[in-house]
Amino acid sequence: MRVAGPEELLVTLLLLAALAGGSGHRESPRNVAAQVPVILQRPRNPLPGELVRNGSFEEWQGEAPAAWKGVNVGVSSDPHSGERALRLGADPALPAAVHQDVPITEACRLELRFVLRVPEVSEGSLEVRVEWLAHPDGWRGTGLRFTIPGTVKSQYTYYWRCTSPSPPGTAYARITFSKPGAGRADLDDVSLINL
Ligand SMILES: [Ca+2]
Numbered sequence: 008m009r010v011a012g013p014e015e016l017l018v019t020l021l022l023l024a025a026l027a028g029g030s031g032h033r034e035s036p037r038n039v040a041a042q043v044p045v046i047l048q049r050p051r052n053p054l055p056g057e058l059v060r061n062g063s064f065e066e067w068q069g070e071a072p073a074a075w076k077g078v079n080v081g082v083s084s085d086p087h088s089g090e091r092a093l094r095l096g097a098d099p100a101l102p103a104a105v106h107q108d109v110p111i112t113e114a115c116r117l118e119l120r121f122v123l124r125v126p127e128v129s130e131g132s133l134e135v136r137v138e139w140l141a142h143p144d145g146w147r148g149t150g151l152r153f154t155i156p157g158t159v160k161s162q163y164t165y166y167w168r169c170t171s172p173s174p175p176g177t178a179y180a181r182i183t184f185s186k187p188g189a190g191r192a193d194l195d196d197v198s199l200i201n202l
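Residue numbering for the sequence shown follows the working numbering, starting at 8 and increasing by one per position.
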């Protein structure tokens, strides 16, 4: 079966909206049209200005999530959105980490958002960092660092934090999620926005 494109969906929705409005009351055509974008809103689309690539971990290249570099990571079949999330701890007995370098400039303040669940108790706290790099190996400082307790939390929890401003010479922000010991954690919907 052929899948309708966005234009066809828009036309269909506009027709439905016009029919609803034509049955007799309330809405002016202008108001009906104004409601259409709300109907069309797709929650899995990246936010405007999104800096993270593959933040929902839907794209994989073999065993690795596209645009990320990971150690001991795999696909979680219990995602928060879409069909996949990232599992920290493909082998639960070992530490795990994943990171992505995002091109930015100096004097940026970034807002990091993500969801995370801990289906199996983790030894030690999970750590989240945003670090400033002058180039992929040139560390300039830490913009954000916090930890999440490794206690079991089977439902996804939403987190968001802001970084300090990036220092002079910054060319990349490195986002890192790490698990120091045994255990598992599932990560999804990572977002980084320049404020
Ligand atoms: Ca996902």
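Where a beta carbon is used, it is the ideal one built from N, C-alpha and C, also for glycine.
Compute the minimum distance between the beta carbon of F64 and the heavy atoms of ligand 1, and state whether it is under 6 angstroms.
As a first step, residue 64 must be located in the sequence shown, where it is residue number 57. True, at least one ligand heavy atom lies under 6 angstroms from that Cβ.
Where does S161 fall in DSSP's three states?
Working through the sequence shown from its first residue, we reach residue 161 at position 154. Strand at S161.
Return the chain-ordered list of same chain residues with a C-beta closer than 8 angstroms to the C-beta of E66, the five sequence neighbours on each side being excluded.
By 1-based counting over the sequence shown, the position of residue 66 is 59. Correct list, in chain order: P72, A73 and A74.
Kindly indicate which three-state DSSP category G29 falls into: helix, strand or coil?
As a working mapping, residue 29 is identified with position 22 in the sequence shown. Summary for G29: the model assigns pLDDT 43, below 50, so the residue's position carries little reliability; its value from the coordinates is reported in the next sentence. Three-state DSSP puts G29 in a helix.
For P187, verify whether its CB is less than 6 angstroms away from any heavy atom of ligand 1.
The residue you call residue 187 lines up with position 180 of the sequence shown. Because no heavy atom of ligand 1 lies under 6 angstroms away, the Cβ of P187 does not count as near it: no.
Collapsed DSSP secondary structure at C169 in the structure displayed
As a position in the sequence shown, residue 169 is number 162, starting the count at 1. C169 falls in the strand class under three-state DSSP.
Three-pair Cβ contact test at 8 angstroms for the region 86-103 versus the region 184-195:
yes
Classify N38: buried if its beta carbon has 16 or more other beta carbons within 10 angstroms, exposed otherwise.
The residue given as residue 38 occupies position 31 in the sequence shown. Low per-residue confidence applies at N38: pLDDT is 49, beneath 50, and the placement is therefore not dependable, though the value from the model is reported in the following sentence. Label assigned to N38: exposed.
If you follow the beta strand (DSSP E) that S83 is in, where does it begin and where does it stop?
Counting from one through the sequence shown, the residue named residue 83 turns up at place 76. Looking at the DSSP string, the run of the beta strand (DSSP E) that includes S83 is V80 to S83.
Where V6 and D144 are concerned, what is the direct C-alpha to C-alpha distance, given to the nearest angstrom?
As shown, the chain starts at 8 and ends at 202. That puts residue 6 outside it, with no answer to give.
For ligand 1, is there any heavy atom lying closer than 6 angstroms to the beta carbon of P86?
If you number the sequence shown from 1, residue 86 lands on position 79. Yes, the beta carbon of P86 sits closer than 6 angstroms to at least one heavy atom of ligand 1.
Collapsed DSSP secondary structure at P110 in the structure displayed:
Taking the first residue of the sequence shown as position 1, residue 110 is located at position 103. Of the three classes helix, strand and coil, the one that applies to P110 here is strand, per DSSP.
Taking the alpha carbon of A180 as the point to measure from, which residue in E130, D98, V128 and V137 has its own alpha carbon closest?
Indexing the sequence shown from 1 puts residue 180 at position 173. Residue V137 is the option with its Cα nearest to A180.
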